[in-house]
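Structure first, then comments.
Chains as they are written, first to last, in the working numbering: chain A, 4 to 294; chain B, 8 to 139.
Set out below in C-alpha cells:
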C-alpha cells in the first residue's frame, strides 16, 4: 500500500506527463497543418508531371529505344528498397508500420532468391531494420538537420538513386512511405519508381494531340529523372504529413490515458486519506472510552 | 478568338503564379518560343532562361530552369524545377545555381555530359542576360 505522500507524488508526475503530451499534440497539430499545406501545394506539379509522362510513356514505351528508366534493365535480380521513415519517434505505429512493410517485402524477395539492397531515409527506419536486415544496408540519408523539407532534399536523394542506377547497382527501386489519408489513418505504401510505372491514363488527355519539341523520346528522357525527384518529393511530403498526423493521435491517446490515470490515482489517494482519518478517529475514541 | 489565355507557372513546391496572359515567351530547348491564345497543342522542354508573361496588367519576367511547358489553345502550363521572379534572382542565387550546374557537368554520366554542358552554357547565358 503506497503512502499518501507517494500517491501525491505520482499524481504530480502523471500530471506533468499529461502537460507534455498535450503540448506535443498541439505542436504536432500545427506542424500537421503546415505539412498538409505543403503536400497540397506540391500536388499540381506532380499531377501534371505524371500525366504528361504517362502520355509519353504510353506512346514511346513499346519501342526499343525506350529509356532505361522506363523500360528497366531487363532484369529484376537486384532490388533496392528505399525505406522512408521519420527522424523522431513518439508517433504511434508510424515508423513501425513502414518498417514492417519493408521487412515483409525484403523477406519475400530474399525467399525468391533476389538480391536485396536497402537505402534508409530517416533514422527510425534504419534503427528498426538494422537488427535483421543490417547486412543489406547500402546507405542512409539523414534529414534530421532539415527544418523544412524542400525539393532540393528530394533532388539529392533522387540524384543518388540515379547515380546508383547508372552504375548498375540495382535493377528495380521501390520506395516505402506512409500515405496520408487522415489524422487517424496513414497507410504504409510501397511504390516502384525505377523503372517508372504509370497508372492508366485518364481519358481527358487523349482528346488533345500534342506536338512534341524536340522528339517524344528526348522529352521523356529529360523528364524521367525529374519524375524520380518528383516521386521522392511527393513521398517525403506525404510522410511528413503522416508522421505529424500519427504523432497527433498518439499524443491525444497519451493525454487521455494520463487523465484516466490521474482520476484513478486521485480516487485511491482520497480513499487512503479517508482510511487514515477513520483510523485516527477510531483510535481517539477508543482512547477516550478507555479512560 | 479570346485575346487572353490561362497561364500557370508551377514549381514542385507550390504554384508560383496563375494569371491571364496575352502572350508567353518561353525559353524552350529548341529556342525562344512565343505562345499566344489558340496556339497548337505542344509540349516542349525548357532550358534555363527568362520566361516573359505579357498580360493585361503588364509584363512579368521569371527565371526558370529545368522542366517543361505544356501549351494548349486555351492556356500555357509551365512546370519548372526552379522558377522565381526575375527580381528575386540575385547574384547570390544565380551563383548557387551556376555552381550546381557545373557540378552536374563534372559528375554527369558520359551519355548525358553534353546535355549537362548545354545546361551550363544556357545558365551562363542567362547570367549575362541578367547582369547586362
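In this text, a Cβ means the ideal position worked out from N, Cα and C, and glycines have one as well. All figures in this text were calculated on a predicted structure; none of them were measured in a lab.
- List the DSSP bridge partners of residue 35 (chain B). B:38 and B:53
- Query: Any heavy atom of the ligand FMN closer than 7 Å to the Cβ of residue 247 (chain A)?
  - Reply: Absent from the structure shown: the ligand FMN. Ligands present: none.
- Query: Just the Cα atoms here: how many angstroms apart are residue 11 (chain A) and residue 5 (chain A)?
  - Reply: 10 Å
- Near-chain B residues of the segment 215-231 of chain A (beta-carbon distance less than 7 Å), N- to C-terminal order: 215, 216, 217, 222, 225, 226 and 229
- Task: Express the C-alpha separation of residue 82 (chain B) and residue 207 (chain A) in angstroms, rounding to a whole number.
- Result: For residue 207 (chain A), the predicted model reports a pLDDT of 48, less than 50, meaning its position is unreliable; a value from the coordinates is still stated below. Distance between the alpha carbons of residue 207 (chain A) and residue 82 (chain B) is about 16 Å.
- Kindly give me the distance between the Cβ atoms of residue 2 (chain A) and residue 97 (chain A), rounded to whole angstroms, as I take these residues to be in contact under 8 Å. The structure shown has nothing for residue 2 (chain A), since chain A only spans 4 to 294.
- Anyone know if the C-beta pair for residue 235 (chain A) and residue 114 (chain A) falls short of 8 Å? no
- Message: Need the endpoints of the alpha helix (DSSP H) that residue 111 (chain A) sits in, please.
- Response: Boundaries of the alpha helix (DSSP H) around residue 111 (chain A): 97-114.
- is_contact[residue 66 (chain B), chain A] using C-beta, thresh 8 Å: no
- Message: By the DSSP assignment, the beta strand (DSSP E) with residue 114 (chain B) in it spans what residues?
- Response: Careful: residue 114 (chain B) lies outside any beta strand (DSSP E), inside the alpha helix (DSSP H) at 98-114.
- Message: Let's test the definition: count the other Cβ atoms within 10 Å of the Cβ of residue 291 (chain A) and tell me whether it reaches 16, buried, or not, exposed.
- Response: exposed
- Message: When you compare the CB of residue 51 (chain A) with every CB in chain B, is at least one pair closer than 8 Å?
- Response: yes
- Is residue 228 (chain A) helix, strand or coil when you go by DSSP? helix
- Task: Using a Cβ cut-off of 8 Å (strictly closer), state whether residue 90 (chain B) contacts chain A.
- Result: no
- Query: Are residue 84 (chain A) and residue 119 (chain A) closer than 8 Å when you measure CB to CB?
  - Reply: yes
- Enumerate in chain order the residues of its own chain whose CB-to-CB distance from residue 242 (chain A) is below 6 Å, with the five nearest sequence positions on each side excluded. 87, 180 and 181
- Task: Starting from the C-beta of residue 56 (chain B), find all residues in its chain whose C-beta is less than 6 Å away, skip the five residues before and the five after it, and write them out in chain order.
- Result: Short of 6 Å from the beta carbon of residue 56 (chain B), and not among the five residues preceding or following it, lie these beta carbons of its own chain, in chain order: 34 and 133.
- Message: Taking its Cβ as the centre, do 16 or more other Cβ atoms sit within 10 Å of residue 86 (chain B), making it buried, or is it exposed?
- Response: buried
- Own chain, CB closer than 6 Å to residue 111 (chain B), minus 5 neighbours either side, in chain order: 123
- Message: Pairs of beta-carbons, one from the segment 183-191 of chain A and one from the segment 18-36 of chain B, closer than 8 Å: are there three or more?
- Response: Short answer: they don't touch.
- Cβ-Cβ separation, residue 106 (chain A) to residue 132 (chain A) (assumed contact under 8 Å), whole Å: Contact holds; Cβ gap of about 6 Å.
- Item | Test item: CB-CB of residue 178 (chain A) and residue 253 (chain A) under 8 Å | no
- Task: With DSSP as the reference, label residue 74 (chain B) as helix, strand or coil.
- Result: strand
- Message: At a CB distance below 8 Å, what residues from the segment 14-48 of chain A approach chain B? Give them in sequence order.
- Response: 41, 44, 45, 47 and 48
- Can you tell which of B:62, B:37, B:128 and B:96 has its C-alpha closest to the C-alpha of residue 50 (chain B)? Residue B:37 is the option with its Cα nearest to residue 50 (chain B).
- With 8 Å as the threshold, decide whether the Cβ of residue 33 (chain B) is near any Cβ in chain A. no
- Per-residue contacts from residue 19 (chain B) into chain A (C-beta, under 8 Å): 45, 48, 49, 154, 157, 232, 233 and 236
- Item | Residue range of the unbroken beta strand (DSSP E) whose run includes residue 176 (chain A) | 175-183
- Query: What is the DSSP secondary structure of residue 236 (chain A), counted as helix, strand or coil?
  - Reply: helix
- Query: Taking the alpha carbon of residue 74 (chain B) as the point to measure from, which residue in A:152, A:136, A:81 and A:233 has its own alpha carbon closest?
  - Reply: A:233
- Query: Closer than 8 Å, CB to CB, is residue 39 (chain B) near chain A or not?
  - Reply: no
- Look up residue 89 (chain B) in the DSSP assignment and say whether it is helix, strand or coil. strand
- Message: By the three-class DSSP mapping on this structure, what secondary structure does residue 200 (chain A) have?
- Response: coil
- Query: Are the C-beta of residue 55 (chain A) and some C-beta of chain B separated by less than 8 Å?
  - Reply: yes
- Going by Cα to Cα distance, which pick from A:23, A:41, A:61 and A:71 is closest to residue 165 (chain A)? A:71
- Query: Skipping 5 residues on each side, what residues in its chain have a beta carbon closer than 8 Å to that of residue 231 (chain A)?
  - Reply: 72, 161, 164, 165, 196, 197 and 199
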